[in-house]
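For reference, the structure discussed in these notes is given below.
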Amino acid sequence: MLELIAGSKLEKTINSGQFVVTGELGPPKGADLTQLKHHAEGMRNHVEAYNITDNQTAIVRTSSIACGATLVQMGLEPIIQIVVRDRNRICIQSDVLGAHALGVKNILCLAGDHQKFGNEPGSKGVFDIDSMQLLKGLKDLRDEKKFMGGEELNGELSYFLGAVENPFADPFEYRVDRLEKKINAGASFIQTQCIFDLDRFERWMEMVRERGLHKKVAILGGVTPIKSLGAARYMKNNVSGITIPDELIERMTGAEKKKEEGLKIAIETIQRLKEIEGVAGVHIMAIAWEEVVPEIVERAGLYPRPKV
Amino acid sequence: MIIAERKPLEKIAAMAAPYKRVCVLGCNTCVAVCMAGGQKEAEETATLLRIHRNKENVVGEVEVFSIERQCEFEMIDEVLEKLKSYDVIVSLACGVGVQTLVEHVPSLRVVPGLNTTSMGYPTEQGVWKERCLGCGDCVLDLTMGICPITRCAKSILNGPCGGSAEGKCELGKDIDCAWHLIHERLSAFGRLSDLEEIQPPKDWSKSHHGGGARTSVREDVRIDRG
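Written as structure tokens, this is what we have:
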């Protein structure tokens, strides 16, 4: 048994060697958290932990830490996303201390969508540090007890650190280098961009295994159920970092029941991911379709979830 | 060089409207090269301004001339008396030129005729691209002569990020991914392993973020006024 870093359910499940499932919740464009709590409750027995996005697509929403703390109160486990777009190193470290004080045990480090895409396009992007530096900074804060500026931290911190990687970005050969760099920077788990092009993902995993990186980090494959043909086309053409093969668009076009087809694709993806050596689990991003997560988890043969 | 663009004529006309004697003052260095504020553009602007003022029944005259650089006291001094004869100067210099004028001759009323955009160079006729943010701590040695602070929308030092696709930035297919270019050059020079090193957070205190406008001092070349 490995020594635990944070003792989160996510970490324990990863360490147990069992296939991990994480979900995702997007905070609302308002302060009413009723729906967020409802969606969280709906997946309670189907996911280990929930990503809470940080002003995703650069649209102002309730803060990820506030929503995360709400989940903690519900006895659920958040994975707080932290992007470097809106906060400098002073604010990020301060927020991490605050999140820790509120019981948050998992942190996911990422850059964040550029403010140009959001509802405050006139805002000033901060980008004081990048996602790699964020990861390294938070690792050092936890392990070396040193703030990014070098001063000593009072007391102890224990959180489980993760990062994202996109096997569908270019240059393709660099994507494994980058994964390794993120591991060296402090990532214990990796969630990937939504996987639709499984062949490319498998090629990436092959390279990951060649370097033995799957043994150093838990790779959770990103899965998004497609709700409609429009959604598939929109993602293909408008969402950066996502590639959707034409066959998949054709399959959705030919399907009579689009939603069921979208679910089937997601379930098949998970089943294929389960077979790939080195994939430690899945991260299900059912954006605006949260209620379908339990069904996906059950039909993919991942239910009941392990007790850790 | 410094790159700028002329403000919309309506905006310039509105700034000059309260004044009778107007001077459109061109600047013949950087902004002349980027075809925004040299003698030619100053004459053009003055002509358009005269037509506009006639149409709007604004009384007064619009004159035009230019100097080599509005950002040097000596060059301003050469035309000082003439400048003082106007009610307003529409400066077609960059923001530095406008400020040099008012700092050197506080009695002048100066309005900006240009929007200063960046430091860069023309990549082709009629196209100028930003290439330096003046961060005060150049990293071009690490990045094969391609600036990620300027050319990456997120100024990342450990790239390329997950939004890089087919050599382009996630912000638009017309924007080259700076880190893709850096990756290519590192690869060509057999230095890809350079990317393994985690570049630490940048010291922004050397940039504008260190406390506003920066001052550079060279004691060895200062003139002792004691």
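First to last, the protein sequences are chains G and H.
Going from the first sequence to the numbering used here is simple: count from 1 and add 60.
Counting from 1, position 113 in the second sequence corresponds to residue 93 in the numbering used here; the numbering is continuous, with no gaps.
For every residue, glycine included, the Cβ atom is placed at its ideal position computed from N, Cα and C.
Predicted model only: the values in this text are computed from it and were never measured.
If you count every other CB in all the chains shown that lies within 10 Å of the CB of G:A229, and 16 or more means buried, which is it? Looking at its Cβ environment, which holds 16 or more other Cβ atoms inside 10 Å, G:A229 is buried.
Check for me: the beta strand (DSSP E) holding G:E350 runs from which residue to which? Counting along the chain, G:E350 falls outside any beta strand (DSSP E), and DSSP gives it neither H nor E.
With distances taken from CA atoms, which of G:V342, G:K72, G:A91 is nearest G:V224? Distance from the Cα of G:V224 is smallest, within the candidate group G:V342, G:K72, G:A91, for G:V342.
Considering Cα atoms alone, identify which of G:N298, G:L157, G:I119 is closest to G:R145. The option with the nearest alpha carbon to G:R145 is G:I119.
I need the straight-line Cα distance from G:M312 to G:K318, nearest angstrom please. C-alpha separation (whole angstroms): 6 Å.
Inter-residue spacing [alpha-carbon to alpha-carbon] between H:C149 and H:G143: As the crow flies, the alpha-carbon of H:C149 is around 6 Å from that of H:G143.
Could you spell out where the beta strand (DSSP E) holding H:I47 opens and where it closes? That run of the beta strand (DSSP E) goes 41 to 47.
Please report the residue range of the alpha helix (DSSP H) in which G:K318 lies. Residue range 318 to 335 is occupied by the alpha helix (DSSP H) that includes G:K318.
So which of H:S71, H:P181, H:I155 has the shortest CA-CA distance to H:E(-15)? Between H:E(-15) and the set H:S71, H:P181, H:I155, the nearest pair of CA atoms involves H:S71.
Are the C-beta atoms of H:S98 and some chain G residue less than 8 Å apart? Under the Cβ distance rule, H:S98 does not count among the residues neighbouring chain G, no pair being separated by less than 8 Å.
List the residues of chain H whose Cβ lies closer than 7 Å to the Cβ of G:D230, in chain order. In chain order, S144, A145, E146, G147, H160 make up the part of chain H whose C-beta sits under 7 Å from the C-beta of G:D230.
Please state whether DSSP places G:D230 in a helix, a strand or coil. Of the three classes helix, strand and coil, the one that applies to G:D230 here is coil, per DSSP.
Does DSSP classify G:Y294 as helix, strand or coil? The answer is helix: DSSP assigns G:Y294 an H, G or I state.
Does G:S68 pass the burial test, meaning 16 or more other C-beta atoms within 10 Å, or should it be called exposed? With 16 or more other Cβ atoms within 10 Å, it is buried.
By the three-class DSSP mapping on this structure, what secondary structure does G:A247 have? Reduced to three states, the DSSP call for G:A247 is coil.
Please state whether the Cβ-Cβ distance between G:V164 and G:G135 is less than 8 Å. For the 8 Å CB-CB criterion, G:V164 and G:G135 do not form a contact.
DSSP-derived helix/strand/coil call for G:H106: It is coil, neither helix nor strand.
Give the DSSP-derived three-state secondary structure of G:K241 in the structure shown. Assignment of G:K241 by DSSP, reduced to helix, strand and coil, places it in the helix class.
Quick check: the stretch 4 to 14 of chain H against the stretch 46 to 53 of chain H, are at least 3 beta-carbon pairs closer than 8 Å? The stretch 46 to 53 of chain H, when compared against the stretch 4 to 14 of chain H, does touch it at the 8 Å Cβ threshold.
Applying the criterion that 16 or more other CB atoms from any shown protein chain within 10 Å of the CB defines a buried residue, is G:L308 buried or exposed? Here G:L308 is buried. Its C-beta has 16 or more other C-beta atoms within 10 Å.
Cα separation between H:L122 and G:V353? Taking the Cα positions, H:L122 is about 45 Å away from G:V353.
Below 7 Å, is the gap between the Cβ of G:L64 and the nearest heavy atom of the ligand GTP? Judged by which ligands are present, the structure shown has none, so any question about the ligand GTP falls away.
Locate the alpha helix (DSSP H) running through G:G222, then write down its first and last residues. It is not in any alpha helix (DSSP H) - G:G222 instead sits in the beta strand (DSSP E) that spans 220 to 225.
Using 8 Å as the Cβ pair cut-off and three pairs as the minimum, do the stretch 95 to 108 of chain H and the stretch 151 to 171 of chain G touch? Two segments are said to touch when three or more pairs of C-beta atoms, one from each, lie closer than 8 Å; by this definition the stretch 95 to 108 of chain H does not touch the stretch 151 to 171 of chain G.
Exposure label - H:L94; buried when at least 16 CB within 10 Å: Buried.
Close-in-space but distant-in-sequence residues of the same chain around G:H99 (CB under 8 Å, 5 per side omitted): These residues qualify, in order along the chain: L85, E350, E351.
G:Y294: contacting residues in chain H (beta-carbon distance under 8 Å): The contacting residues do not exist; G:Y294 stays about 15 Å from chain H at best.
If you follow the beta strand (DSSP E) that H:R111 is part of, which residue opens it and which one closes it? First-last of the beta strand (DSSP E) with H:R111: 107 to 112.
Mark H:R171 as exposed unless 16 or more other C-beta atoms lie within 10 angstroms of its C-beta, in which case mark it buried. With fewer than 16 other Cβ atoms within 10 Å, it is exposed.
CA-to-CA distance, G:R149 to H:V119, given in whole angstroms: Inter-residue distance for H:V119 and G:R149 is about 20 Å (C-alpha atoms, whole angstroms).
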